[in-house]
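In the working numbering, the protein residues as written are 511 to 908.
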């Protein structure tokens, strides 16, 4: 209610009226934009394997270690675990978390590269390879393996190149990166060309780094020598492709009212009359997915060997020791090699190659110790009822 006072020469009138219209709400004239412009241009990535654009900061006081690894996305399941957060209301209670299984076969060290600092950034100085390079690695250097003469690395001598490298290394090099390949033929993929990537060696001084790379050159490094349980990692890879999408799905803009002329899943106004062009900041339809992305601070819930769960999880596990669900992971198959159990959903499609890197921006609030009590291994092809074939036979009395 509001009161208005009118004054004249001979009379004063008080009029009281309802202020219904003054309290009505209206839409804001300003609002945050839909979608981020940091990821422009939203187009298909040229590579199918992610690229490590930065490594964790080197610490001389640590032992020499690898900072990343390769993995392949298998599928998802769920686990039960006890919460270990004293300040949380869920402390010492059981919760269910969604997890992703990443198969991580051992890394084969095939060579290393020395890098030196320049005013324009780091550049490679020299490369050393092993003598016996597998055919799956050589295939990376041929466009047509079938028609080629297959003569690469035929006259390469590791000993002489190592001596030349050492003469330059102590004078110029600042850090080392090893060239690794994943044993893709041990997984069961119908591929003959192994994935290769450079991984930086952190820890120790330059002499300790060189001694470390000489010790592991030509050997296989399992995943448990690179990462540990309860560790935070970053996942680098290419997201799942969605094809050509409209503005509502691609940018998250608001749908127009139902009776809007010529469609509701549109941008109402793409700009003013002048300047007479559409700005790059206006959401438009186009390619969605298949972009290069990095997910940070992913928690490792567990590490397994040869498709089997670790002893820590197996003590409380009620459904066998294998991580494979009944019928295998859909569109992937059976996990036969080492694997990681990572929290939540991970970018990429099934069988997508992902790079697992030690976390750079570590979150101090994620120091929780994970205690898994149960891992679901029922069939992922439908509404799975049984955890393993033995349980199914006992129920059906076969």
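Beta carbons: idealized from backbone N, C-alpha and C, even for Gly.
Predicted, not measured: the structure shown is a model, and the values here were computed from it.
CB of residue i within 8 Å of CB of residue j, strictly
i	j	result
residue 864	residue 856	yes
residue 594	residue 879	yes
residue 579	residue 733	yes
residue 834	residue 887	yes
residue 689	residue 576	no
residue 697	residue 705	no
residue 739	residue 813	yes
residue 667	residue 570	no
residue 800	residue 751	yes
residue 797	residue 754	yes
residue 622	residue 687	yes
residue 818	residue 896	no
residue 614	residue 585	no
residue 757	residue 776	yes
residue 885	residue 589	yes
residue 728	residue 675	no
residue 810	residue 741	yes
residue 785	residue 545	no
Where residue i sits in the DSSP three-state scheme
i	result
residue 623	strand
residue 906	helix
residue 735	helix
residue 678	helix
residue 669	helix
residue 613	strand
residue 774	coil
residue 548	coil
residue 604	strand
residue 808	strand
residue 590	strand
residue 720	helix
residue 634	strand
residue 869	coil
residue 769	coil
residue 913	No statement about residue 913 is possible, as the shown extent of the chain runs from 511 to 908 and does not include it.
residue 851	strand
residue 856	coil
residue 889	coil
residue 832	strand
residue 516	Note on residue 516: pLDDT 48, under 50, position unreliable in the model; the coordinate value appears next. Three-state result, residue 516: strand.
residue 730	strand
Supposed contact pair residue j and residue i - C-beta distance, whole angstroms, cut 8 Å
i	j	result
residue 851	residue 632	With 8 Å as the limit, residue 851 and residue 632 do not qualify as a contact, their Cβ atoms being about 35 Å apart.
residue 691	residue 647	5 Å
residue 791	residue 547	6 Å
residue 840	residue 891	6 Å
residue 748	residue 862	7 Å
residue 702	residue 649	6 Å
Local Cβ density within 10 Å of residue i, reported as buried at 16 or more and exposed below that
i	result
residue 612	buried
residue 683	buried
residue 761	buried
residue 677	exposed
residue 591	buried
residue 550	exposed
residue 924	Beyond the ends of the chain as shown, which are 511 and 908, falls residue 924; an answer cannot be given.
residue 712	buried
residue 905	exposed
residue 637	exposed
residue 847	buried
residue 710	buried
residue 744	buried
residue 640	buried
residue 858	buried
residue 669	exposed
residue 605	exposed
residue 679	buried
residue 651	exposed
residue 583	buried
residue 656	exposed
residue 788	exposed
residue 746	buried
Bridge-paired residues (DSSP) for residue i
i	result
residue 761	Residue 761 is not bridged to any residue.
residue 708	689
residue 780	Answer is none; residue 780 lacks a bridge partner.
residue 582	613 and 863
residue 595	None; residue 595 has no bridge partner.
residue 882	591
residue 802	748
residue 576	711
residue 813	850
residue 845	Residue 845 pairs with nothing; no bridge assigned.
residue 917	Outside the shown range of the chain (511 to 908) lies residue 917, about which nothing can therefore be said.
Chain D within 8 Å of residue i, Cβ atoms only
i	result
residue 563	The structure shown contains no chain D, having only a single protein chain.
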